[in-house]
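Enquirer:
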Amino acid sequence: MIGATGRKPEVDPMKLSDDAAMLVWMPFGERPEGDDWLRPSEGTPPDAATWQTVGHAINYAVGMMADRAAEGREPWIRSASGHIYKPAAIRVMAETFAARRI
């Protein structure tokens, strides 16, 4: 939900549901720091920063990887329990999800 300032309020990762996930896009080679998880990445639509599940976040990240790679960015996902998924892990999980669909 957009606040009165026209910006999405910062998200507290500790208040996400048990299955929720945060997605941020970082410059290649940079790992997200604590504050990076509190607000959407530059260029990320506010509704694309928080997802119902890690699987939803991965599916979106994979779909956007080519576009964001052209901008020099790669995805990082943090689950509500605090697990961090690196870009390489996101790619492997996406391949696993795709293989299950076949």
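Sequential numbering of the sequence shown, starting at 42, is according to this note's numbering. Quick reminder that beta carbons are idealized off the backbone N, C-alpha and C, glycines included.
(1) Between Thr85, Gly96 and Arg72, which has its C-alpha nearest Met134's C-alpha?
(2) Closest to Ala121 by CA distance: which of Phe69, Met67 and Trp92 is it?
(3) Using a Cβ cut-off of 8 Å (strictly closer), state whether Pro128 contacts chain B.
(4) Work out the CA separation of Arg80 and Ala62 for me, nearest whole Å.
(5) Along the alpha helix (DSSP H) that carries Ala111, what are the first and last residues, could you check?
Expert: Looking at the atomic coordinates:
(1) Counting from 1 along the sequence shown, the entry for residue 134 is found at position 93. Shortest Cα-Cα distance from Met134 to any of Thr85, Gly96 and Arg72 involves Gly96.
(2) Translated into the one-based positions of the sequence shown, residue 121 becomes position 80. The shortest C-alpha separation from Ala121 is found at Trp92.
(3) No chain B is present in this structure, which holds just one protein chain.
(4) Here the question's residue 62 lines up with position 21 in the sequence shown. Here the question's residue 80 lines up with position 39 in the sequence shown. Straight-line Cα distance between these residues: approximately 13 Å.
(5) Taking the first residue of the sequence shown as 1, we reach residue 111 at position 70. First-last of the alpha helix (DSSP H) with Ala111: Val95 to Ala111.
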